[in-house]
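Notes follow the structure.
Rendered as structure tokens:
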């Protein structure tokens, strides 16, 4: 099971956090501090696994961002690397060659996509296309609601003129 | 409704925050934003709630408090539209966790949304429930989720399956409700549903043995077929990852097969072929393929023995181990640890490669490799491996030294073939990484040194040489100082030379130099300095010619700001100056520390129960004997002139006896704190631990020396009046006090005594061993076995059998009875005589079997006894 997902920039700024196991606010910031310290200081050629408090953190760097997932000792680390890559590819397709700025300004989108990939710390969908389709449908639902609201407020505005 | 119509937009806020150059600026921006959000919250502003929450989430990610936004999430979730709900649920998952009370308020909304007509709203609710639900919510909403496992859209079914995992984790009782729906999920074609169904199935198997049995019967065949189909499926772009169709599904199927095959030969057999196919056919040049191979190896290792497959698996790991990719090497090491228990020989073949990994530049790999090496060490390779590890210790990273040292020490302690090797290796470790060595380890080393009487000279000389080179390793200094204090004369006179040693010339002044440097070293801590003082006191007696110099060094600590050192130096100074007559007796060599007691204590076993009589006695002394001890202290303290004559009288003898019986006379009229009195004496006997450790280590060491009750008591020879034979148990402390009495020594020597042990204990039975030895025949031990029935039922046909290794000979006498009444009322005793042909080299071990009838049913209990005192 994945206990949490972290996205940390090279400067140690947090770009996304998702907690599937209960951690209090205080613990969360401590975890982030500890892990960004160890992970950011690791050299490029080293393996992508860090043992930490009896768990394992699998991380992978994409450009300026570190994607980290914390798993149990007995879980398959290599598969987690694939899951990270899976998520990154979906982000890439969604934003069109994704960059850190996309994830900063559209952080909620990144969360929505993550929620289609993982639930309860387990993988939900292995097809990138399905995830993309589901997110797109939900986005269009939001757009439709927005337009409707706009047209209603236009009608009200015209009526009250 | 449009969230981006006025006020600061989310985008603008993020931009403003990113533009901040200092943390203070950022705080100011956030404070302003939070203030406006709070205002909007208290106005119950509907229009911007949406946007405010999005802002709050961003602020939350930066680590600022956002609790005031929690209620906003609930309001958004309760709103009718999809956009509000979407952001509301996101906020809920981000800002809250399952331990917050507020969460309970959302249960009702969740219930409604799980029944919503819009399947995307159902999906949102399932996602939120799966990520943060608490046990209460799980109980309330489980029926809804169960129903959704049969929902028409597969995307809802898969979400419901993962949600069920969380529910089962929170409330394991609910597991059985999900067993039947899972069986139909496992038959689906949709990969997402299959994937999540398998995960749910694994979770259910973890929780319920029954479910596992059920799935094993109903689904194994089907799953093997699904795996076959996936493995042999043609190219499917939707699921393809580097040429493999859906590796995620591969991995999960293998994982579930592992659970089903574990401990069941039939199930294991049915997956034999497909596992062989996966292990041989999977491409291993990409990460996805390796992930599958890795999972496959793990499955092969845990299902029932199919040796052909095991060979395949070990070969894959061997290939992994020689891979250039660090990730692959890491998982290989990880998996080899599991393989050790299955096939030790196969793993041993890769020992050299693994040893290389210990020296890798990657900390994760080093750590794994070290743990693996630790598992691989055995009697035959311990010397070579330890040498490698110690050599590496010299060049390893500072932060790895701690782990490495701990492992080396553990290996050396566990597997040392002889004492001289043990001492040699420990000295090397101490010289290289003494600062990383834990207290237990060097305490154990000292115990071993005292027990190796033929190596005392060798050890102290080696330590002397070592400390010339590595004087900055604190624990090395401690051990060296302790040994020089004890065996300083052997150092100077080259006593007990071994053939392999080169003679060295050390003068008495050189030996004192070492201690002087140590006590004056800036970085020495209180323990080290206290040990130095004790060593100096001992040396003052061993080297009379240096007495004056030592006195000067001791005097320098009189001004120490540390109370402990100050007090000690004043006392010791006074002993050196005014009590020449008792000094040599006071600082006699420490009695041999009992290894068995030490290791028993280290293992955390409570000896108080087993050696209750002797130990309680010791404890009694330690606590109640304060007053007489303070008298002794007075020697070195306030009234030395008055003290000596008073103590020579019979009055003092009375005090001495009071040590054993608890009430002590208050006439000693001392102003010293009683606690200090105890400390001094304890420290004289111990290796000089400072007061903070007194309650733990010093009395313990004291008790060590008493437990073995070896009557080579240092001071007996000095006493000159008869002593009641009660004192024959002669604890070291008594003996010390004897120095003042006019009594002659009780020349009783009935051989070493050993504390009784609880040899075997189960819920129904306890077996105690009492030991005795005939004087002059150390190889033979008489054991009196005592069986006590802890239950309330009577055991009949009671038979005790025992077996011993070849170097022991065992003779069993008939038992006193073959019926053992309940409630521990009576016990059966049986005498055993054991002859140890390797006396002094190997300690005793014994396997036992106890059979008896309980209500005419045969009961058999077996066990191994390895807690015999050493040197039996």
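Chains as they are written, first to last, in the working numbering: chain A, 1 to 161; chain B, 1001 to 1872.
The C-beta atom is built at its ideal place from N, Cα and C for all residues, glycine as well.
Please read these numbers as outputs of a predicted model, since none were measured by experiment.
Taken in chain order, the complete alpha helix (DSSP H) segments of 4 residues or longer contained in the segment 1292-1343 of chain B are 1307-1321, 1326-1342.
Residue burial annotation: residue 137 (chain A) is exposed, with fewer than 16 other C-beta atoms found within 10 angstroms of its C-beta.
Residue environment: residue 1441 (chain B) is assigned as buried (16 or more neighbouring CB atoms within 10 Å of its CB, all protein chains considered).
DSSP, reduced to helix, strand and coil, places residue 1008 (chain B) outside both helices and strands of the structure shown, so it counts as coil.
Per the coordinates, the alpha-carbon of residue 1346 (chain B) lies some 26 angstroms from the alpha-carbon of residue 1361 (chain B).
By the 16-neighbour rule on beta-carbons within 10 angstroms, residue 1235 (chain B) is exposed.
Following the DSSP letters along the chain, one finds residue 1170 (chain B) inside the alpha helix (DSSP H) bounded by residues 1154-1170.
In this structure, the CA atom of residue 1549 (chain B) is about 53 angstroms from the CA atom of residue 52 (chain A). At the C-beta level, residue 1174 (chain B) and residue 1167 (chain B) come within 7 angstroms of one another. In this structure, residue 1436 (chain B) keeps its C-beta atom at 7 angstroms or more from the C-beta atom of residue 126 (chain A). If you check the CB distance, residue 135 (chain A) and residue 113 (chain A) come in under 7 angstroms.
Straight-line spacing of the CA atoms in residue 1231 (chain B) and residue 1261 (chain B) works out to 19 angstroms. For residue 1116 (chain B), no chain A residue has a Cβ inside 8 angstroms of its Cβ, as the nearest lies near 13 angstroms away. A Cβ-Cβ separation of about 6 angstroms places residue 1123 (chain B) in contact with residue 1159 (chain B) under the 8 angstroms criterion. Counting only runs of at least 4 residues, the segment 44-122 of chain A fully encloses the following alpha helix (DSSP H) elements, listed from N- to C-terminal order: 77-95, 100-105, 107-117. Per DSSP, residue 1442 (chain B) has no beta-bridge partner at all. For residue 1591 (chain B), no beta strand (DSSP E) run applies, since DSSP gives it neither H nor E. Within chain B, no residue has its beta carbon less than 7 angstroms from that of residue 95 (chain A); the closest one is some 15 angstroms off. A straight line joining the alpha-carbon of residue 1374 (chain B) with that of residue 1387 (chain B) spans about 13 angstroms. A direct Cα-Cα distance of roughly 15 angstroms separates residue 1268 (chain B) from residue 1278 (chain B).
Taking 7 angstroms as the upper bound on Cβ-Cβ separation, chain A lies near no residue of the segment 1830-1862 of chain B. Per DSSP, the continuous beta strand (DSSP E) segment holding residue 1809 (chain B) begins and ends at 1808-1815. Taking 9 angstroms as the upper bound on Cβ-Cβ separation, chain A lies near residues 1081, 1082, 1083, 1084, 1086, 1087, 1089, 1090, 1093 of the segment 1081-1093 of chain B. Listed by position along chain B, the residues whose Cβ is nearer than 7 angstroms to that of residue 20 (chain A) are 1131.
Around residue 2 (chain A), no beta-carbon contact reaches into chain B at under 9 angstroms, the shortest distance being about 11 angstroms.
For residue 14 (chain A), the nearest beta carbon of chain B is closer than 7 angstroms to its own beta carbon.
Inter-residue distance for residue 1244 (chain B) and residue 1401 (chain B) is about 42 angstroms (C-alpha atoms, whole angstroms).
Taking a beta-carbon distance threshold of 7 angstroms, residue 1513 (chain B) does not count as an interface residue toward chain A. Beyond the five residues adjoining it in sequence on each side, residue 1178 (chain B) comes within less than 7 angstroms, by CB distance, of 1146, 1164, 1168, 1200, 1204 in the same chain, given in chain order. Listed along chain B are 1063, each with a C-beta nearer than 9 angstroms to that of residue 29 (chain A).
In the structure shown, the three-state DSSP call for residue 1846 (chain B) is strand. Residue range 2-9 is occupied by the beta strand (DSSP E) that includes residue 9 (chain A).
Ranked by Cα distance from residue 1074 (chain B), the options B:1584, B:1044, B:1842, B:1064 are led by B:1044.
Taken in chain order, the members of the segment 1331-1348 of chain B whose beta-carbon sits within less than 7 angstroms of a beta-carbon on chain A are 1331.
Within the model, the alpha-carbon separation for residue 1757 (chain B) versus residue 1446 (chain B) is close to 24 angstroms. The residue from B:1830, B:1820, B:1821, B:1866 with its alpha-carbon nearest to that of residue 1842 (chain B) is B:1866.
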